[in-house]
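Residue numbers (this note's numbering): 1 to 158. Even for Gly, the Cβ is constructed at its ideal location relative to N, Cα and C. A short write-up of the structure that comes next.
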């Protein structure tokens, strides 16, 4: 998938897809990161072009693919932000959390539109007063505690 980077495995689970990559040198991690972002962006571009034609199962699948992409981008930015913070690079950490918040909001907005509490059969949402938005304050706090101001915008989608 890139110089010295090998895709070792693709594991399909019930609700996500995981790539196992090998990058022999630490200097190539930036290339792994770039490749992962590219995969996610390609996934979003592909799903943006697909239509469900009114088929509920197809629409659910397309939305699930988008939600996984949104969540993957959220975690990519959040993990990078935490890494920068641990390295004492507060400004870079804040910038990553700025982007993480936008991807989080895409995720929760999509989940809220698609899954209503009454449709859950195995998960008790009784204690969740705000539903999917329960954690928004904590995600925003990751940004504002690092000096971020205001509410970051949503990322532009393909």
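Cβ pair residue i, residue j closer than 8 Å
{"i": "residue 104", "j": "residue 143", "result": "no"}
{"i": "residue 155", "j": "residue 106", "result": "yes"}
{"i": "residue 179", "j": "residue 48", "result": "Outside the shown range of the chain, which is 1 to 158, sits residue 179, and nothing can be said about it."}
{"i": "residue 36", "j": "residue 76", "result": "yes"}
{"i": "residue 58", "j": "residue 52", "result": "yes"}
Own chain partners of residue i with C-beta closer than 7 Å, once the 5 adjacent residues on each side are dropped
{"i": "residue 92", "result": "84"}
{"i": "residue 102", "result": "152, 153, 154, 155"}
{"i": "residue 67", "result": "107, 110, 111"}
Which of helix, strand or coil DSSP assigns to residue i
{"i": "residue 76", "result": "helix"}
{"i": "residue 154", "result": "coil"}
{"i": "residue 145", "result": "coil"}
{"i": "residue 54", "result": "coil"}
{"i": "residue 87", "result": "coil"}
Endpoints, alpha helix (DSSP H) assigned at residue i
{"i": "residue 102", "result": "90-114"}
Rounded distance between the beta-carbons of residue j and residue i, thought under 8 Å
{"i": "residue 98", "j": "residue 54", "result": "Contact flag wrong, Cβ pair sits at about 38 Å."}
{"i": "residue 65", "j": "residue 43", "result": "6 Å"}
{"i": "residue 146", "j": "residue 90", "result": "6 Å"}
Contacting residues, own chain, Cβ-Cβ under 6 Å from residue i (five flanking each side not counted)
{"i": "residue 114", "result": "63"}
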